[in-house]
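In the working numbering, the protein residues as written are 44 to 366.
From the three backbone atoms N, C-alpha and C, an ideal C-beta is built for every residue, glycine too.
Everything below concerns the one structure shown next.
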Ligand code: MRU
């Protein structure tokens, strides 16, 4: 059965609570923009395209409720700072004549873009490739299907005998909890590793290609994605492995010249000092928890979007693709 992170019910939005996966599949019902904003902030729903889709439906709920739409916009826009899909979707909603129809269009277009990226990206994945991925850029992170994991899904569906190496993705474990779960659900062979094993596996020749998603891509191709992605990109270059990014055009932010201007979310210290109530670090220690990092364009072999593949991305090639 297809994984459905977001279900629109006309008078409410149902979100699969990703905090509880893989142990439980429970839906949270949201009836206002404020409830959707809280669900985004609290990670019920996460992943750049999924955040954009959820925010669009949140706006549609307040439009239906005849609430203050300026307030709805501001509340949703304040939920998380890095994924540009949130602001892209809200800008569309602000201009739309029919809020519900626009939110449904955003949702459906996202699914179509995922499918298109899947077909384009699958051509880059060789028969029997061992594909490393990071974080979760799957069905759960989108309206369904996925970006990086969508490419993997498409390659698998196209009878390529591939396997996945999923990095667990500390501190929030999107790789271990969500990517591994999606692969197990679909029977895609998947090996889970901790993040610090990536270099070792590459050095042993156990990885052929890396593909990840993105939260915001600057005009020059610099790409913000889950913290640790940069480290994997550096390792991929050291081992001469192709490093691909898969992201729809809704994840591009051509107004930002390069990655240095991408806002990076800082998340609570508790995500680093422990997990689900278990604490392993001493009280009183200083903690940093940036949720994203920027991979410079020079480390990226290609960016797969729904319109094509931008090889060796730079400003000229990115802007040409977005035209
Ligand atoms: O903090 P998250 O879980 O929202 O971060 C998600 C990622 O970094 C994904 O890789 C990115 O949003 C792409 S999802 C198709």
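Spatial neighbours of residue 69 within its chain, please: CB distance less than 7 Å, with the 5 preceding and 5 following residues excluded, ordered by chain position. 60 and 63.
On the three-state DSSP scale, how would you describe residue 370? Nothing about residue 370 can be reported from this structure: the residues present for the chain run from 44 to 366 only.
Exposed unless 16 or more other CB atoms sit within 10 angstroms - verdict on residue 224: buried
Contact check, residue 76 vs residue 57 under 8 Å by CB: the rounded distance? Their Cβ separation, rounded to whole angstroms, is 15 Å, which puts residue 76 and residue 57 out of contact at 8 Å.
Counted within 10 angstroms of its Cβ, other Cβ atoms place residue 359 as buried (16 or more) or exposed: exposed
Count the other CB atoms within 10 Å of the CB of residue 141; is the residue buried (16 or more) or exposed (fewer)? exposed
Integer-rounded CB distance, given that residue 349 should sit under 8 Å from residue 292: 7 Å
For residue 121, I'd like the list of residues in its chain whose CB is within less than 6 Å of its CB, leaving aside the five on either flank, ordered along the chain. none
How long is the line joining the alpha carbons of residue 129 and residue 146, rounded to whole angstroms? 12 Å
Looking at the structure shown, is residue 114 part of a helix, part of a strand, or coil, going by DSSP? If DSSP states are grouped into helix, strand and coil, residue 114 belongs with the helices.
For a quick check, are the C-beta atoms of residue 210 and residue 177 less than 8 Å apart? Yes, Cβ-Cβ distance for residue 210 and residue 177 is below 8 Å.
If you reduce the DSSP assignment to three classes, tell me which class residue 175 lands in. Correct three-state label for residue 175: strand.
Do the CB positions of residue 88 and residue 97 come within less than 8 Å of each other? yes
Please indicate yes or no: does the CB of residue 258 lie closer than 7 Å to some heavy atom of the ligand MRU? yes
From this set, 101, 84, 85 and 86, which residue's C-alpha is nearest residue 50's C-alpha? 101
Skipping 5 residues on each side, what residues in its chain have a beta carbon closer than 8 Å to that of residue 236? Around residue 236, the same chain offers 208, 209, 210, 211 and 244 as residues with beta carbons nearer than 8 Å, after the five sequence neighbours per side are excluded.
Residue range of the alpha helix (DSSP H) that residue 105 falls in? Where residue 105 is concerned, the enclosing alpha helix (DSSP H) stretches over 91 to 107.
Do residue 215 and the ligand MRU come close, with the Cβ less than 7 Å from some heavy atom? yes
Report, in whole angstroms, the separation of the C-beta atoms of residue 92 and residue 184, which I expect to be a contact under 8 Å. 7 Å
Please name the residue in 78, 158 and 337 whose C-alpha comes closest to that of residue 108. 78
Beta carbon of residue 90: closer than 7 Å to some heavy atom of the ligand MRU? yes
What do you reckon, are the CB atoms on residue 290 and residue 254 nearer than 8 Å? no
Is the CB-CB distance between residue 338 and residue 256 below 8 Å? It is not a contact, given that the beta carbons lie outside the stated cut-off.
Please indicate yes or no: does the CB of residue 126 lie closer than 7 Å to some heavy atom of the ligand MRU? yes
Can you give me the Cβ contacts of residue 271 inside the same chain, cut-off strictly under 6 Å, excluding the 5 residues immediately before and after it? 238
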